[in-house]
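For the protein sequence lines, the chains are A, B, C and D, in the order given.
According to the working numbering, the first sequence is numbered sequentially starting from 1.
According to the working numbering, the second sequence is numbered sequentially starting from 1001.
According to the working numbering, the third sequence is numbered sequentially starting from 2001.
According to the working numbering, the fourth sequence is numbered sequentially starting from 3001.
Don't be surprised by glycine CBs; every beta carbon is placed ideally from N, CA and C.
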Amino acid sequence: MSRLNIELPGLSLKNPIMPASGCFGFGREFSQLYDLNLLGSIMIKATTKEPRFGNPTPRVAETSAGMLNAIGLQNPGLHKVMSEELPWLEQFNLPVIANVAGSKEEDYIEVAREISQAPNVHALELNISCPNVKEGGIAFGTIPEVAKNLTKRVKEVSQVPVYVKLSPNVSNIVEMAKAVEDGGADGLTMINTLLGMRIDLKTGKPVLANKSGGLSGPAIKPVAIRMIHEVSRAVSIPIIGMGGIQDASDVIEYFYAGASAVAVGTANFTDPFVCPKIIEELPLLLDQLGIGHISECRGRSWKANELFAHNRA
Amino acid sequence: MSRLNIELPGLSLKNPIMPASGCFGFGREFSQLYDLNLLGSIMIKATTKEPRFGNPTPRVAETSAGMLNAIGLQNPGLHKVMSEELPWLEQFNLPVIANVAGSKEEDYIEVAREISQAPNVHALELNISCPNVKEGGIAFGTIPEVAKNLTKRVKEVSQVPVYVKLSPNVSNIVEMAKAVEDGGADGLTMINTLLGMRIDLKTGKPVLANKSGGLSGPAIKPVAIRMIHEVSRAVSIPIIGMGGIQDASDVIEYFYAGASAVAVGTANFTDPFVCPKIIEELPLLLDQLGIGHISECRGRSWKANELFAHNRA
Amino acid sequence: MIKNEKLSVVSHKEIASRIFELTLSGELVSEMKQPGQFVHIKVSNGMDPLLRRPISICSINREMKQFTMIYRSEGRGTALLAKKESGQEVDVLGPLGNGFSEHEVKPGETAVLVGGGIGVPPLYELSRRLKKNGVHVVHILGFQTKDAVFYEEEFKRLGETYVATADGTNGTKGFVTDVLEKLEGSIDVIYSCGPTPMLKALEQKYSHKKLFLSLEERMGCGIGACFACVCHTADDPQGVSYKKVCSDGPVFRAGEVLL
Amino acid sequence: MIKNEKLSVVSHKEIASRIFELTLSGELVSEMKQPGQFVHIKVSNGMDPLLRRPISICSINREMKQFTMIYRSEGRGTALLAKKESGQEVDVLGPLGNGFSEHEVKPGETAVLVGGGIGVPPLYELSRRLKKNGVHVVHILGFQTKDAVFYEEEFKRLGETYVATADGTNGTKGFVTDVLEKLEGSIDVIYSCGPTPMLKALEQKYSHKKLFLSLEERMGCGIGACFACVCHTADDPQGVSYKKVCSDGPVFRAGEVLL
Ligand SMILES: Cc1cc2nc3c(=O)[nH]c(=O)nc-3n(C[C@H](O)[C@H](O)[C@H](O)COP(=O)(O)OP(=O)(O)OC[C@H]3O[C@@H](n4cnc5c(N)ncnc54)[C@H](O)[C@@H]3O)c2cc1C
Ligand SMILES: Cc1cc2nc3c(=O)[nH]c(=O)nc-3n(C[C@H](O)[C@H](O)[C@H](O)COP(=O)(O)OP(=O)(O)OC[C@H]3O[C@@H](n4cnc5c(N)ncnc54)[C@H](O)[C@@H]3O)c2cc1C
Ligand SMILES: Cc1cc2nc3c(=O)[nH]c(=O)nc-3n(C[C@H](O)[C@H](O)[C@H](O)COP(=O)(O)O)c2cc1C
Ligand SMILES: Cc1cc2nc3c(=O)[nH]c(=O)nc-3n(C[C@H](O)[C@H](O)[C@H](O)COP(=O)(O)O)c2cc1C
Ligand code: FES
Ligand code: FES
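The structure is reproduced here in C-alpha cells:
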C-alpha cells in the first residue's frame, strides 16, 4: 500500500516529489546517478520557441542559505526538446511536466500547443515568472489580467492540464492566483525565485553578469510557505509547492501549508541524490508523526483541528 | 579626519551605522552593554498613538539564515515615549530617528506632529510597511497613491525631515519609492521584512501565534540589495539600507548598491556588540579596499567606472 | 553585568537519554548572581542556526570560574551544541534575567523544589544554596520516563527527593503535583521550573503559598530589547501592561504574570 | 562514475601562504580517470555555505585509494575547508568533468605544462603520467610572489621547471608567457591551467600548436544540469551553441570555446 501516491490534474504520481524546472536539465545528467523512475515526476527545463543561449556568465552567486541565478532560460528550443529530449525521457515511467516560457504571448501559445502533444508530457507549467528575462516576462507574472488572459489562451491550445507558475515578486499573490484560476488554470506551481542581487566586495560590481538574479534555496522557504498558506485557502485548484526544500520535514511543512505535491530545486546542487533520499525518508517521517497517507497533511495548518481529526478517523 | 561621517537630511552622523527599529528597543538594554555614543544614530521602536501590547506569543521563529517576528508593534504609546524614553536618550550625543506607526492616517499624523517636536528627534521614519498589523497597514505600504498622500500629510506636520520605510512585499518597489518622493519624503529606509511563515512539524500549525510574520536577517539581504540598487538610481533622495547586515563587508555592499547609511537589525540578537564592532572594522576594511571615505562607495555598483575613478581623484 | 565571551568546554557528557551535562569555564562565571538565571548560547560560528539558545544555569563554581548547564538535544541548535568537545569554545551571552531568590525562605523552614524535565537543572544550584543557608529542601522531579531521569543522586545528596515519571518506570507514576499533594509536613515556599501545564497546575493549587515559577518563552535578543518574550501581567490580562520573560523573569512570583 | 562520498582526511597542511594541501581517502578515488578532472566539495554539514566548491584533483594514488588537492583559502567556503583535521570527513562529489588527455603526446615528444597560481595543481598528476609515458615534460609555473609558490620541488623531480613571479621574488620576474617565449627546443603540446588572462595570452600566441586549456567558471551543480557554467563555442561566438565547463570541460582544446 502506497502512502505517497497523489492524483492531480493530468498527473498520477507515485510520490509527490519531483525536481523543479531548471535545476535538473532534461534529466540526462541525473539519470547517470540514479534511476529516474524513482521520481514522482520531472519538471523539465523551460522551453522556448527558438533555442536560447541565455545570459553571460557568471550566472550564479551564493547568498546566505540561498543562491542567485540568472541563467536566462538557456534551452535548445522547442524543436530539439520535441525531437530529442522528450523522446529520450520516454524510456522512464515518468509523467513529464513541461515548463513553457516565452517573451510574447504567441511564443507561449506555440510552445504550449506543440509540446502538449508529446506523449509523455502530462501537464504544462506556464512559466510567467522568470525574473531573468529582460523583455516581456514581468507583466505576465505581475499583472493579474495579463496572466489570466495568457492562461486562457494557453488552455485553448493545450492537450494537457495547465499549471501556472507564480512569481513571489508581487504585492498580492492571492489576486494573481485567483486570476489564473479564473483563466482556467488546472493547478498552480509556486514559488519561482525572488529577485535579488549580490555585489562583489572588491570590484564593487554585481557578481552576476546579468546584475540581478533569482533567489532560491532555504532562505526563501518561509516566503513560499506563507504564500501557499494564503493561496491554498483562496483557490480550489491544487498547488505544487517549491522553494528551499531540502528534506522530508520540509515536504511535510509544504503539505501542511496547503501544497499537494512539491518540487525540489537548488537542493539538487548541494546533494544530487536529494530527491530519492527524500522519497525514502518520507514514509519513516510519516510513521513518526502518526500519519497514514501524505495527503492527510495537506492544509493542516489552516484546517480546523476537529476537521483534521475527523479526516484521519 | 573621519572617514565615516555622513550628512543626511536632518542627520549629521559621525558614522553611518545605527540599530534598526524594533531591534534595539529605546536603547536602555544595550546601554548597559556599551556606550551608545558610539552609534551614528538610533532608530527607536515603532511608536503609536496609544500604547499597544502587540501579538500573542510565540512572536519569533527561526528560519534558515533568518528569523520571523510578529511582535505586533508593542510599544508604550506616544505619551510615554515623549515623557520617558526620549528624555532618557538625551543623555547621549545621538540624533534619534523616531519610527512612527499607526493603523489610520490620523494616528500617523498625530504621532508625527508630537514626536517630531522632541529635541533629540532629528528625523522621522514613517513605518508604512509593518507586516504584523492586521488593520489598515497593508494599503499604506503597497499602494503608491496611498503612500504618497500619507507622506504628504505627515510632511505638513513634521518639524524634522521624514524618511519613509518601504515594504519589500510589492510588485514594483521603484514605483513606491517615486510615489513617496513625490509626496515630499526627505529619504527612504529599506527594507522592512518580507512576509513569511513557518509551520511546526509536530503540531502542523504555524509556529507564530500570529501565523505569519516578518522575515529578517541574512536570508533577505540579496532582496534588499537588489531593491536599493534599483531605487537609488530612480530617486534623488538618500536611502538608509537594512536587511541582514552582519559585518563591515555587508555595509560596503549596501553602499555599493546605493545606500548612504545603514541600519542593523536582527544581528543585534546574535551578537549584541555587533554595531560597535562594525564601526571599529569599517576603517580597516576601507584601507584594504583602498577607499578613503565611506561615502565614495555609494552607488559604485551602477556608477560608470570612469565616473567613480574621477570621484576618487 | 551581561558579558559575551567564548568559554571553553571543561566537560561534556550525555547523562540521560539525549540529556547533556556541559561544564564551561571563563570570566563570565563571576558575573553569575542567582540560580535560575540563564545564558544565551550561539551554537555555531556561522549563521546556521541564526539565533542563540537560552539555557539555564544548573550549578556555579565561582572559585573555578566554571558553571554547568544541562540541556536536551532537541532541534538543530542543541544537536550542534551536543557535538562540542572538551577544549572547544562556546559563545555565551550572560548571565541573563532574574532567577530564584534564595532569601524568600528562612533557615529551618521548608522549601519544596518542583521541577519538570529540562526544568529541573536550575533547581540544583538553588537547592545547594538553600541547603547551605540551613533551609530544609524537598525535591520533586518529574520526567517522561526512566531513561530521561537525571541528577536523582545529586538531588538526594541535598535532601529528600521524589521522582515521578509519566509512565511509572521510575518513582511514582504520574505528575509532580500528585507527589506534592501527598507531601507531609509544612511547606513554606515552593520554587518551580518546568512545562507551562505543570506551572499552571501549581499556580491553581498553591497560589495561597509563596510560589515562584520559572517561565519559558521563545526569545530573540534575550536581554529585553526585542519584545519577543512578553507576557501579560496577571492584574491586567487583556491590557497593555507586560513583563519580559528574559529580563524581568524568567522567574516570577505566582500571580504576577498570566501563564 | 560520479559518486558522492564522505572521504576521510589523511593529511592536511599549509604548504604556502594560504595554500593548503589536502589528502583524502575513500572508494571514490577508484573512479578518477584523468588529471584535470575535479571534485565538488561540500565544506560544511549545514547550509552555510550552501553551494559546493569545485577543486581540481592534484594527484591520485589508486592503490592507497587516496587523492590530493591543493587549494587557496580564499572566501568563506575554503576558509572552512581549511579547518578540517586528520580523521574528519569531507563530503566529496566526483570525479567530475573531462581532464587532460595524456595521449595527445607521444613518448619522446615534449610537453610544456603551464600553470598559474591555483591552476598549477592539476598539472602535477598530468606531469607524473606523461613522465611515466616517456614524454619529455617542461613546467612553467607562475605565482604572484615568493610566498605563494608551492610544489616547485615536486615538479622539479619530474622535469625541467621554471618559476615566474609577478614581483620577481622567485624565479623570473613576469608572466609564464615570458618564460615560454624564451624556451628553447621544440614544443609538441602545451597543457595549461590558470587565470583567464593567462589562457587568453597562450591562445593568442600558440594557437598553431596543440594547446589544451583548463577553464574556471562559477558553478551550481557541477554535473551539467543547471547551465551555470556555459561558454560559447568559438565557431559560433554570438550564437546558441555552447559547452559546459563542468561536464564538457573543464579542459578544452584551444579554439574550441570562446574564452
Ligand atoms: C529561560 C529559559 C531557560 C531554559 N533552560 C533550559 C535548560 O536548562 N535546559 C534545556 O534543555 N532547555 C532549556 N530551555 C529550553 C531551550 O531553550 C530549548 O529547548 C532550545 O532553545 C531548543 O533549541 P533547539 O535548537 O533544540 O530547537 P529548534 O527547534 O532548532 O529551535 C528553534 C528556535 O525555537 C526556540 N525554541 C525551541 N524550543 C524552545 C523552548 N522550549 N523555549 C524557548 N525557545 C525555544 C529556539 O531557541 C530557537 O530559536 C530554556 C528556555 C528558556 C526560555
Ligand atoms: C574546475 C575548477 C577547478 C578548480 N580547481 C581549484 C584548485 O585546484 N585549487 C583552488 O584553490 N581553486 C580551484 N578552483 C577555484 C575554486 O573553486 C574557488 O577558489 C572556490 O570555489 C572559492 O570558494 P570560496 O569559498 O573560497 O569563496 P567564496 O567567495 O565564498 O565563493 C562564493 C561562490 O563563488 C564561487 N567561486 C568563487 N571563486 C571562484 C572561482 N575562482 N571559480 C569558480 N567558482 C568560484 C564559489 O564556488 C562559491 O559558489 C577551481 C575552480 C573550478 C571551476
Ligand atoms: C539554476 C536555476 C534555474 C532555474 N530555471 C528555471 C526555469 O527554467 N524555469 C522555471 O520555471 N523555474 C526555474 N528555476 C526556479 C526553480 O524551478 C524553483 O522555482 C526555485 O528555484 C525555488 O525552488 P528551490 O529553492 O528548491 O530551488 C530555476 C532555479 C534555479 C536555481
Ligand atoms: C523583532 C523585530 C522587530 C521589529 N520591529 C520593527 C518596528 O517596530 N518598526 C519597523 O519599522 N521595523 C521593525 N522591524 C524591522 C527592522 O527594523 C528591519 O527593517 C528588518 O528587520 C531588516 O533588517 P535586519 O535583517 O537587519 O533585521 C523589526 C524587526 C525585528 C526582527
Ligand atoms: S527575548 Fe528579546 S525582549 Fe525578551
Ligand atoms: S555547473 Fe551546472 S551545468 Fe555546469
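Measuring only between beta-carbons, confirm whether residue i sits less than 9 Å from chain A.
i                  : result
ASN1311 of chain B : Caution applies to ASN1311 of chain B, whose pLDDT of 41 falls short of 50 and renders its modelled position unreliable; the value that the coordinates give is listed next. No, ASN1311 of chain B lies away from the interface with chain A (no Cβ there is under 9 Å from its Cβ).
PHE1308 of chain B : In this predicted model, PHE1308 of chain B has a pLDDT of only 47, less than 50, meaning its place in the structure is not dependable; the value taken from the coordinates is given anyway. By this cut-off, PHE1308 of chain B is an interface position.
Using a Cβ-Cβ cutoff of less than 7 Å, which residues in the same chain neighbour residue i once the five nearest sequence positions on both sides are dropped?
i                  : result
ASN1065 of chain B : Just to set this straight, residue 1065 of chain B is Ala in the shown sequence, not Asn. Hits under 7 Å: GLY1217, PRO1218, ALA1219.
ALA1313 of chain B : Here ALA1313 of chain B scores only 35 on pLDDT, less than 50, and its place in the model is too uncertain to base an answer on.
ILE294 of chain A  : ARG3, LEU4, PRO16, PHE255, LEU282, LEU286
SER2073 of chain C : ARG2018, PHE2020, ALA2079, ALA2082
Hey, does residue i have any beta-carbon neighbour from chain C nearer than 9 Å?
i                  : result
PRO3250 of chain D : no
LYS1045 of chain B : yes
PHE1255 of chain B : no
THR1193 of chain B : no
PRO1222 of chain B : no
Would you verify that the beta carbon of residue i is, or is not, closer than 9 Å to some beta carbon of chain D?
i                  : result
SER2044 of chain C : yes
LEU33 of chain A   : yes
MET2047 of chain C : yes
GLN246 of chain A  : yes
For residue i, which of the options has the nearest alpha-carbon?
i                  : options                                    : result
HIS1229 of chain B : B:GLN1246, B:ALA1257, B:MET1176, B:GLU1253 : B:ALA1257
THR2169 of chain C : C:SER2186, C:ARG2128, C:GLY2142, C:GLY2194 : C:GLY2142
THR48 of chain A   : A:ILE42, A:ALA98, A:GLY27, A:GLY10         : A:ALA98
PHE1092 of chain B : B:GLY1290, B:SER1012, B:SER1031, B:SER1232 : B:SER1031
ARG1059 of chain B : B:VAL1096, B:GLU1280, B:GLY1196            : B:GLY1196
ILE199 of chain A  : B:ALA1259, B:ILE1173, B:ALA1118, B:LYS1155 : B:ALA1259
LEU2093 of chain C : B:TRP1302, B:GLU1296, B:PHE1273, B:ASN1169 : B:PHE1273
Closer than 7 Å by beta-carbon distance: list the chain F residues that pair up with residue i, in chain order.
i                 : result
ALA304 of chain A : This model lacks chain F altogether; the protein chains it does include are A, B, C and D.
Taking residue i as the query, report the chain C residues whose CB atoms sit under 9 Å from its CB, ordered along the chain.
i                  : result
GLN1074 of chain B : PHE2227, VAL2230, VAL2240, TYR2242
Please go through the same chain and pick out, in chain order, the residues whose beta-carbon is closer than 6 Å to the beta-carbon of residue i, but skip the five residues on each side of it.
i                  : result
GLU319 of chain A  : Because chain A in this structure spans residues 1 to 313, residue 319 of chain A falls outside the shown range and cannot be described.
PRO2195 of chain C : GLY2116
THR2145 of chain C : THR2165, ASP2167, THR2169
LYS2200 of chain C : LEU2259
LEU33 of chain A   : PRO272
PRO1144 of chain B : GLU1175, MET1176, ALA1179
PRO238 of chain A  : LEU8, GLY187, SER260
Applying a beta-carbon distance threshold of less than 7 Å, which residues of chain B neighbour residue i?
i                  : result
GLU2216 of chain C : Neighbours of GLU2216 of chain C on chain B: none; closest Cβ ~10 Å, over 7 Å.
Against residue i, what residues of chain D qualify as contacts under a CB-to-CB distance less than 8 Å, listed in chain order?
i                : result
MET67 of chain A : LEU3050, LEU3051, GLY3220
ILE71 of chain A : CYS3226, PHE3227, ALA3228
Does any residue of chain B bring its CB to less than 9 Å from the CB of residue i?
i                  : result
GLY2224 of chain C : yes
CYS275 of chain A  : no
ASN127 of chain A  : no
Starting from residue i, find everything on chain D with Cβ-Cβ shorter than 9 Å and list it in chain order.
i                 : result
CYS345 of chain A : Coverage of chain A is limited to positions 1 through 313, which leaves residue 345 of chain A absent and any answer about it impossible.
ARG59 of chain A  : GLU3217, ARG3218, GLY3220, CYS3226, PHE3227, ALA3228, CYS3229, VAL3230
Counting only Cβ pairs nearer than 9 Å, list the residues of chain B close to residue i.
i                  : result
ASN2004 of chain C : LEU1033, ASP1271, PRO1272, PHE1273
Quick one: which chain A residues come within Cβ less than 9 Å of residue i?
i                  : result
THR1266 of chain B : Correct list: empty, because the minimum Cβ distance to chain A is about 11 Å.
Taking residue i as the query, report the chain A residues whose CB atoms sit under 8 Å from its CB, ordered along the chain.
i                  : result
SER3247 of chain D : GLU29
LEU3093 of chain D : PRO272
Report the neighbours of residue i on chain D: residues whose CB is nearer than 7 Å to its CB, in chain order.
i                : result
GLU62 of chain A : PRO3049, LEU3050, LEU3051
Below 7 Å on C-beta distance, what does residue i contact in chain A?
i                  : result
ARG1300 of chain B : GLY204
**OP:** When you get a sec, list the residues whose CB is within less than 5 Å of any heavy atom of ligand 2, chain order please.
**Re:** A:GLU62, D:PHE3038, D:LEU3051, D:ARG3053, D:PRO3054, D:ILE3055, D:SER3056, D:TYR3071, D:ARG3072, D:GLU3074, D:GLY3075, D:ARG3076, D:GLY3077, D:THR3078, D:ILE3118, D:PRO3121, D:GLU3216, D:ARG3218, D:PRO3250
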